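Enquirer: One structure, pasted below without further comment.
Residue numbers (UniProt numbering): 1 to 154.
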């Protein structure tokens, strides 16, 4: 009996947490597949732009080639000038998932960093280590080395 009560609580928690996703299901589907989506189920404020993007065969070919992620497709090819509402919708939806992934990535990296060098780690060092570990920027080592000056010994 106590397990059934716990399962009921879990079910209620899932329903409440995922209620927002159910309510915005058509918006999510429009984001995931803007070219194959039934226009009648698209929210009214997006219908005109979805019709325009469906008529754009060049964008459809780029999307169907699958050489880009959804986020890259919307940021590179769906311009703010021509499709402002679709782009805003894409940014809003991608931020839901991106922040969760980044948070998990940061937490995992913090666990690894703290376990390796716990005794020598200050808050500043941890912040710098995490910034280096989670950045997508690639340092230009050759330029950095060329900019260094020789330090003659005394």
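Idealized CB from N, CA, C, for every residue including glycine. The model shown is predicted, which means the values in this text are computed figures rather than measured ones.
Check residue 108 in the structure and name its three-state DSSP category.
Expert: In the three-state reduction of the DSSP assignment, residue 108 falls in the helix class, which pools H, G and I.
Enquirer: Hey, how far is the Cα of residue 110 from the Cα of residue 48?
Expert: 45 Å
Enquirer: What do you get for residue 43, buried or exposed, if any count of 16 or more other CB atoms within 10 angstroms of its CB means buried?
Expert: exposed
Enquirer: Using C-beta distances below 7 Å, list every residue in its chain close to residue 41, excluding the 5 sequence neighbours before and after it, in chain order.
Expert: 26
Enquirer: Using the beta-carbon count (16 or more within 10 Å), is residue 3 buried or exposed?
Expert: exposed
Enquirer: Given a cut-off of 7 Å on the beta-carbon distance, is the pair residue 93 and residue 77 in contact?
Expert: no
Enquirer: Where does residue 41 sit, in a helix, a strand or coil, going by DSSP?
Expert: Residue 41 falls in the helix class under three-state DSSP.
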